[in-house]
Amino acid sequence: MGRAVTVATCALNQWALDFEGNLQRISRSIDIAKRQGARYRLGPELEICGYGCSDHYYESDTLLHSFQVLAKLLESPATQDIICDVGMPVLHRNVRYNCRVIFFNKKILLIRPKIALANAGNYRELRWFTPWNKARHVEEYFLPRIIQEVTGQETVPFGDAVLATKDTCLGAEICEELWAPNSPHIEMGLDGVEIFTNSSGSHHVLRKAHTRVDLVNSATAKNGGIYILANQKGCDGDRLYYDGCAMISMNGETIAQGSQFSLNDVEVLVATLDLEDVRSYRAEISSRNLAAGKVNPYPRVKVNFALSCSDDVAVPTCMPIQWRHHSPEEEISLGPACWLWDYLRRSKQAGFLLPLSGGIDSSATACIVYSMCHQVCLAVKNGNADVLADVRKVVNDEVYVPEDPRELCKRIFTTCYMASENSSQDTCNRAKLLAEQIGSYHINLNIDAAVKAVVGIFSVVTGRTPCFSVYGGSSRENLALQNVQARIRMVLAYLFAQLTLWTRGMPGGLLVLGSANVDESLRGYLTKYDCSSADINPIGGISKTDLKNFIQYCIENFQLTALRSIMSAPPTAELEPLVDGQVAQTDEADMGMTYAELSIYGKLRKIAKAGPYSMFCKLINMWKEICTPREVASKVKHFFRMYSINRHKMTTLTPSYHAENYSPDDNRFDLRPFLYNTTWSWQFRCIDKQVNTL
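Count the sequence shown with the numbering used here and you get residues 1 to 694, in order.
Here is the structure:
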């Protein structure tokens with residue numbers, strides 16, 4: 001009858017400009033899709049070159065190599081008898097477009113340019129591409145000779161069109177178009193398109209996955225139809241982790257769900273669906289049918305091929321499933337761990353070094369590395385040959401098979417407790433116990449000699465010796481002495497990262513991990529060029545509140561009992577002298593605000609786009625039960641004063657895993673000045689006027 005269609009989508013761990021590897025992963029996904037009976041295969045956005053090419057999109061080389069890869073795909077026997085939908089940049093009439101290239105049996109059927117470009121947050125597509133603004137319009141695209149020689153075509157359709165096969169009609173969306181208020185699938189569905197496809201380059205943000213799933217399901221709930229979504233996964237060269245979640249939906253229900261986090265470079269979902277279910281679902285939606293009579297038709301590219309078989313009455317079709325979401329704690333355990341693994345294997349380093357202080361932040365970072373080791377061992381156990389080959393390269397052992405996460409930790413993870421005269425025995429013990437439980441190679445050292453040497457140089461040159469405030473020194477002396485300790489720790493971290501494996505008779509160097517959380521970065525509660533300065537930081541986009549919950553998760557799921565005492569201890573930098581052998585300095589007292597307050601300030605500043613006055617207006621209502629307007633004014637002023645004084649630190653912030661939408665990352669997510677008028681005189685005067693009125 002020709003009603004059961006078999007389609008495939010995938011999540012691929014592509015890498016920007018890795019044309020060789022990207023081609024191999026695309027080819028593998030097509031081969032898997034074909035072997036499972038699929039007649040249509042969808043891939044992620046810009047999968048040929050990798051999504052994160054950034055300003056490399058300006059280069060003609062990127063276009064050239066993308067077409068070279070396309071030629072290889074067109075020639076490949078694996079791409080015969082299956083419609084393939086791949087993503088790449090295309091130059092049309094001297095304008096760059098983010099495109100889908102859809103081909104079948106060595107013939108390009110359609111090049112479909114992206115209509116709505118992503119240009120907020122981490123996305124800058126308008127910098128490199130131009131949106132296609134000619135709705136339902138198709139032009140001739142003159143193919144480069146390298147493609148003409150394979151396809152025998154001189155020109156192909158380029159523009160906003162849909163595909164009409166022998167049994168159904170398919171229409172493409174690209175990533176952001178699903179999120180747009182006037183998504184193309186709305187009018188395509190009214191025009192009889194039954195299968196919608198979406199190729200995404202969507203990155204992980206804590207608690208975001210359900211939004212994407214809801215959008216896909218709602219797209220077909222109102223209008224009927226089949227929706228297929230592909231996404232990139234992994235770290236493709238920067239701060240983002242693309243989180244897979246390939247999916248297939250029909251009539252508002254999820255039919256197939258891909259993993260959000262995994263170490264599999266290629267993941268393919270295949271589903272068989274009944275077109276008559278779409279047609280019967282649409283039949284009783286009278287409002288849809290009335291609107292369909294008024295819609296402007298799309299140009300149709302006819303394809304002499306069917307996604308179904310003529311005799312398919314006995315072909316089983318897939319049934320709806322319940323989507324399984326991860327908790328935020330699971331997301332923290334898995335997302336940054338997968339990102340670290342990609343960074344480690346692709347940087348060709350031999351492991352990580354972490355300054356482990358015995359506090360929550362560095363302990364959370366250590367737990368993420370331990371989780372990464374868990375994921376590697378599990379992947380190898382499940383037969384992942386790619387992961388096994390990569391881990392053997394990392395540890396420089398051609399016959400190594402990782403079975404125990406603790407043993408793997410010992411090989412690739414070095415932790416270092418850097419004590420000073422201001423450090424307590426409690427934090428030393430906590431760091432040591434946690435290192436024992438996760439299996440890391442642990443070093444204890446004392447930095448006092450180095451601190452005294454540096455301060456001694458200053459004293460010889462100036463004839464003055466600074467003192468801590470508890471010994472009568474000024475606040476400037478007090479801060480300078482804390483900063484010396486912090487910066488010496490950074491220097492030692494890099495020294496030990498370069499030479500620790502050498503001392504153990506092992507080759508390679510280590511990546512230094514940072515452990516400043518998103519709230520501390522926002523407030524600037526860190527020393528510029530201290531241990532927050534590292535190669536990468538897996539928790540730099542995660543709040544203190546979420547990290548505490550993650551620590552509790554690790555206690556329960558990894559049985560890391562050492563974390564209990566870390567959880568109960570007040571956060572402290574341990575940079576000021578002890579009082580009677582006990583820590584007198586605490587983070588929240590130093591900052592003049594709590595971590596809970598910092599999270600609220602951060603969300604209002606970035607997500608709600610609130611300046612000082614707007615933040616004050618929102619908080620007098622949010623905190624009316626606990627603070628007077630004058631107290632709220634004081635808190636808001638203190639936050640903005642500290643934020644603006646320290647904003648310059650964001651320009652040198654260690655590249656961090658992006659997980660939170662109020663991140664102060666200065667690289668491209670949160671673009672602000674770093675030299676402010678820190679008095680905020682006009683803004684604060686508006687607040688004072690409102691306080692007096694209230």
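All C-beta atoms in this analysis are idealised placements derived from N, C-alpha and C, irrespective of residue type, glycine included.
Values in this document were obtained by computation on a predicted structure and should not be read as measured data.
Pairwise C-alpha distance: residue j and residue i
i, j, result
"Pro181", "Ala164", "26 Å"
"Phe196", "Val387", "33 Å"
"Arg127", "Asn98", "12 Å"
"Cys367", "Ala283", "53 Å"
"Asn25", "Gly50", "Per the sequence shown, residue 25 should be read as Arg rather than Asn. For Arg25 and Gly50, the distance between alpha carbons rounds to 11 Å."
"Gly359", "Thr572", "7 Å"
"Trp179", "Gln322", "22 Å"
"Glu45", "Leu12", "10 Å"
"Gln585", "His658", "30 Å"
"Asp590", "Asn517", "16 Å"
"Asn382", "Gln375", "10 Å"
"Phe352", "Lys410", "11 Å"
"Glu124", "Asp55", "Per the sequence presented here, residue 124 reads as Arg, with Glu not at that position. Cα to Cα, Arg124 sits roughly 10 Å from Asp55."
"Leu117", "Gly201", "12 Å"
"Arg239", "Ala209", "18 Å"
"Ser362", "Arg564", "14 Å"
"Ser333", "Lys72", "38 Å"
"Gly473", "Leu481", "10 Å"
"Val270", "Leu354", "42 Å"
"Cys175", "Asn661", "19 Å"
Simplified DSSP assignment, three categories, for residue i
i, result
"Glu436", "helix"
"Leu340", "helix"
"Leu117", "coil"
"Leu479", "helix"
"Asn692", "helix"
"Thr211", "helix"
"Leu653", "coil"
"Cys318", "coil"
"Asn302", "The sequence shown places Lys at residue 302, not Asn. Of the three classes helix, strand and coil, the one that applies to Lys302 here is strand, per DSSP."
"Tyr553", "helix"
"Ala221", "helix"
"Asn198", "strand"
"Phe65", "This sequence places His at residue 65; Phe is not what is there. Looking at His65 - three-state DSSP - the assignment turns out to be helix."
"Thr503", "helix"
"Leu12", "strand"
"Ile48", "coil"
"Val266", "strand"
"Leu126", "helix"
"Lys226", "Reading off the sequence shown, one finds Ile at residue 226, where the question assumed Lys. Here Ile226 sits in strand by DSSP."
"Arg605", "helix"
"Arg647", "helix"
Beta-ladder partner(s) of residue i, from DSSP
i, result
"Arg93", "Its beta-bridge partners do not exist; DSSP assigns none."
"Asn384", "Per DSSP, none; premise fails for Asn384."
"His442", "Thr415"
"Asp243", "Lys233"
"Thr254", "Ser249"
"Asn98", "Pro89"
"Ile536", "Leu513"
"Ile174", "Ser199"
"Thr272", "Thr6"
"Gly159", "Val138"
"Leu353", "Thr414, Val512"
"Ala164", "Cys169, Lys302"
"Phe103", "Cys84, Ile108"
"Leu42", "Thr9, Asp85"
Expected contact under 8 Å - CB spacing of residue i and residue j to nearest Å
i, j, result
"Leu604", "Arg523", "The Cβ separation is near 14 Å, so there is no contact."
"Ala230", "Thr9", "4 Å"
"Tyr40", "Ile83", "5 Å"
"Cys416", "Leu356", "6 Å"
"Val268", "Ala33", "6 Å"
"Thr576", "Asn422", "The residue asked about is misnamed: residue 576 is Glu in this sequence, not Thr. Between Asn422 and Glu576 the Cβ distance is about 6 Å, and since that is below 8 Å, they are a contact."
"Ser515", "Asn483", "Rounded, the Cβ-Cβ distance is 18 Å, inconsistent with contact."
"Gly244", "Gln260", "6 Å"
Under 8 Å: do the stretch 332-344 and the stretch 665-685 share three or more Cβ pairs, one atom per stretch? Flag = no, the stretch 332-344 and the stretch 665-685 do not touch.
At least 3 beta-carbon pairs within less than 8 Å: the stretch 248-267 vs the stretch 206-224: Verdict: yes, contact present.
Cβ contact check for the stretch 252-263 and the stretch 306-323: 3 or more pairs under 8 Å: yes
Does the structure place the stretch 100-117 close enough to the stretch 151-158 that three or more beta carbon pairs sit under 8 Å? yes
Pairs of beta-carbons, one from the stretch 533-547 and one from the stretch 328-338, closer than 8 Å: are there three or more? yes
Counting Cβ pairs closer than 8 Å, one from the stretch 677-686 and one from the stretch 605-616, do we hit at least three? The stretch 677-686 makes contact with the stretch 605-616: 3 or more CB pairs, one atom from each, lie closer than 8 Å.
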